[in-house]
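In terms of this note's numbering, the sequence shown has 271 at position 265, counting the first letter as 1, and numbering is strictly consecutive.
Working notes, structure below.
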Amino acid sequence: VLQEGQIVRLASGRRARLLADPVDVSVVFSGGQHWPINVSMEQPIYIRVAATLTENNSMCAFLTESGWSMEGVRPVLPEELAAAMGGEYLPGFWCATTHLTIFAAILELAVACTNIEVLSSQLLPRLLESSWPTRAPAVLVLSTVACCVVILLAANVADRRARLRDVWRQQNLLTAIPPSRVSCCPSLCRCQGKSGQAGKAQKSENQEAADSTGPQQRIGRMLGSLQPRSWARRMGIRVMVRGTLQSLALLLWVDEQSLQTHVWNGQGWVQGSLVLAKSRLLAKWTANLDEELPGLYAAWGRRRWRRAVISFLACHPFLGIFPVSVHLTSAKRAMIFSHFLLGSLAMSSLFISVTTGVLDVTSDFDCPVEDDTLRLLLIAAVSMALNSLPRLFFRQLGFRYFAEGAGDKEKVRKKWREWLVADTLFWLLSFLWQAAYILFLCAFLASLAPADEPKCLLCFGAILLAKFLASPLSRMLGRAWKGIRQPPRDLNPTVSPRTRR
Numbered sequence: 007v008l009q010e011g012q013i014v015r016l017a018s019g020r021r022a023r024l025l026a027d028p029v030d031v032s033v034v035f036s037g038g039q040h041w042p043i044n045v046s047m048e049q050p051i052y053i054r055v056a057a058t059l060t061e062n063n064s065m066c067a068f069l070t071e072s073g074w075s076m077e078g079v080r081p082v083l084p085e086e087l088a089a090a091m092g093g094e095y096l097p098g099f100w101c102a103t104t105h106l107t108i109f110a111a112i113l114e115l116a117v118a119c120t121n122i123e124v125l126s127s128q129l130l131p132r133l134l135e136s137s138w139p140t141r142a143p144a145v146l147v148l149s150t151v152a153c154c155v156v157i158l159l160a161a162n163v164a165d166r167r168a169r170l171r172d173v174w175r176q177q178n179l180l181t182a183i184p185p186s187r188v189s190c191c192p193s194l195c196r197c198q199g200k201s202g203q204a205g206k207a208q209k210s211e212n213q214e215a216a217d218s219t220g221p222q223q224r225i226g227r228m229l230g231s232l233q234p235r236s237w238a239r240r241m242g243i244r245v246m247v248r249g250t251l252q253s254l255a256l257l258l259w260v261d262e263q264s265l266q267t268h269v270w271n272g273q274g275w276v277q278g279s280l281v282l283a284k285s286r287l288l289a290k291w292t293a294n295l296d297e298e299l300p301g302l303y304a305a306w307g308r309r310r311w312r313r314a315v316i317s318f319l320a321c322h323p324f325l326g327i328f329p330v331s332v333h334l335t336s337a338k339r340a341m342i343f344s345h346f347l348l349g350s351l352a353m354s355s356l357f358i359s360v361t362t363g364v365l366d367v368t369s370d371f372d373c374p375v376e377d378d379t380l381r382l383l384l385i386a387a388v389s390m391a392l393n394s395l396p397r398l399f400f401r402q403l404g405f406r407y408f409a410e411g412a413g414d415k416e417k418v419r420k421k422w423r424e425w426l427v428a429d430t431l432f433w434l435l436s437f438l439w440q441a442a443y444i445l446f447l448c449a450f451l452a453s454l455a456p457a458d459e460p461k462c463l464l465c466f467g468a469i470l471l472a473k474f475l476a477s478p479l480s481r482m483l484g485r486a487w488k489g490i491r492q493p494p495r496d497l498n499p500t501v502s503p504r505t506r507r
């Protein structure tokens, strides 16, 4: 039943709104048979379709099999109506026509090629329909949501297993020694503290090490003084250091960043690691690295296929979630991964619905697009780039650093309260964020025109392929053909955790 205010589709494919209830005008015989009248006279038929009307841009339309049409029907001016009716004033909105059918006063909507009415009052009826979840874009998105849920559950199992095996616990981050904020880059650059005094102290320690003649000091001097002159050689050494860390991460099943910060980096072994002091199992795993690490380091530079396989596995998002991490649990990494994945899909849906007419409210006649491929790929790239911002926010919110407090009950309680508030905020915002993503995606898919499903499949598929295949593959190709054939003789990672004790 057509009613006032309802959105209808014109025969051209554009949208319009009914300004009044439609008027059915026809001639019916006594037997109930309708008689179509074709008026060929100069004088048309005048029909009042609304008693009062305030819209200035109102148009007349009649209902056909393909939609509402404005051909052969037009609004009547007051002067024309007064002349036809003998000067009598007749209020209302009148239409002049040459045939009889269902008439209505409409207002054509200006927004045709842009639609941001995904979350509208008609959302619930669309979502309750049983047809849209079986379409190809919906199956792809729902499969992605299910994959994220499975990864989150598996990450929780991995965290629980790490706690039961006593590999690492969050309370290990509490230490009686004030932790120093030192940032070590994964290359041959020097590790420097934040203050100038820390830099001077580091220089004095390096000078004392240079004056010493012990084996550990000699190797430390070589590591610190090694400065390749060639840019290509420096990049090659950095790639080899990163590749060695990746090999070590896969061997120990420990996060690469944790190994780089607390075990080994481009400068050699990390001195006085709090992680190895807190976790006996990690200390046990790294106790024999003096025999394994040189082999991993040398093997990285000899075989390209080995570099390719290790780089692909280490850079794949799935394998980056489950290894043990000192500062970020697997469950939080899984949630951050879901933020990026579902957020990219939701943002690309928003861009598509705003910039094109892919929703089931427009037509190709109004919004002709010859080739959407390049634009859709650009939308996918921009969506992934913009979703890096919330990913960094949630990563910073869930990251945990070493804190002073072991042995002091008051400091321990205070730190635990801070961590509890931060974790609660992390998970609450995460679930609300994810719910908003899923709601918007479902609304978009329920409003999607069937003819435009290939466009969404192209955009969504580009995002998923870029995350799961293209990104690790590009890093694999970049690192497999970079680097140097043999590790420098001056750079020999043979200083073991035993030597530094």
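Just so it is clear, CB atoms sit at the ideal spot from N, CA and C, and this is done for glycine as well.
Minimum Cα-Cα distance from P84 among the listed residues R406, G73, P97, V427 corresponds to P97. With fewer than 16 other Cβ atoms from the protein chains shown falling within 10 Å of its own Cβ, N294 counts as exposed. Taking 8 Å as the cut-off, the Cβ atoms of I316 and S253 count as close. Residues of the same chain with a CB within less than 6 Å of the CB of K338, apart from the 5 flanking positions on each side, are G404 in chain order. Shown here, P139 sits in a helix according to DSSP, grouped into three states. For the 8 Å CB-CB criterion, D378 and K461 form a contact. Short of 7 Å from the beta carbon of S355, and not among the five residues preceding or following it, lie these beta carbons of its own chain, in chain order: F446, L447, F450. Assignment of N271 by DSSP, reduced to helix, strand and coil, places it in the strand class. For E410, DSSP records a beta bridge to T181. F99 and S64 have their C-alpha atoms spaced approximately 9 Å apart. The residues P192, E262, L265, Q266, W270, N271, in chain order, have a CB closer than 8 Å to that of L251 in the same chain once the five nearest residues on each side in sequence are set aside.
Looking only at W275, N178, C321, the smallest Cα-Cα distance to G249 is reached by C321. Counting every other CB atom within 10 Å of its CB across the protein chains shown gives I157 a total of 16 or more, marking it as buried. Judged by pairs of C-beta atoms under 8 Å, the stretch 381 to 395 does not touch the stretch 322 to 337, as fewer than three such pairs exist. Per DSSP, Y95 is not a residue of any alpha helix (DSSP H), being assigned neither H nor E. Annotated three-state conformation of V247 is helix, per DSSP. When secondary structure is reduced to three states using DSSP, F68 falls in the strand class.
Between S344 and Q440, the gap from beta carbon to beta carbon is short of 8 Å.
Residue pairing from DSSP places P81 in a beta bridge opposite C101. Judged by their CB atoms, L347 and C465 are not nearer to each other than the 8 Å cut-off. Straight-line spacing of the CA atoms in R54 and A111 works out to 10 Å. Excluding its 5 nearest sequence neighbours in each direction, F408 has C-beta neighbours in its own chain below 7 Å: L179, T181, P185, L280, listed in chain order. With a threshold of 16 other beta carbon atoms within 10 Å, D458 meets it and is buried. By the Cβ-count criterion, K290 is exposed, with fewer than 16 other Cβ atoms from all chains shown falling within 10 Å of its own Cβ.
Following the DSSP letters along the chain, one finds S394 inside the alpha helix (DSSP H) bounded by residues 394 to 404.
For V14 against Y52, the beta-carbon gap comes to about 23 Å, at or over 8 Å, which does not count as contact. For the 8 Å CB-CB criterion, L288 and W174 form a contact. DSSP places G326 outside both helix and strand once states are collapsed to three, so it counts as coil. Between I108 and G78, the alpha-carbon positions lie close to 13 Å from each other.
Proximity to R141 across A452, L170, W433, A468 peaks at A452, based on C-alpha coordinates. With a cutoff of 8 Å on beta-carbon distance, T70 and A26 are scored as not near each other. Annotation: the continuous alpha helix (DSSP H) that includes A428 extends over 415 to 452. Closest option to I385, judged by alpha-carbon separation, among A144, G467, V427: G467. With respect to I342, R406 sits apart: the two C-beta atoms are not nearer than 8 Å. Counting the other CB atoms within 10 Å of its CB gives Q9 a total below 16, which places it among the exposed residues.
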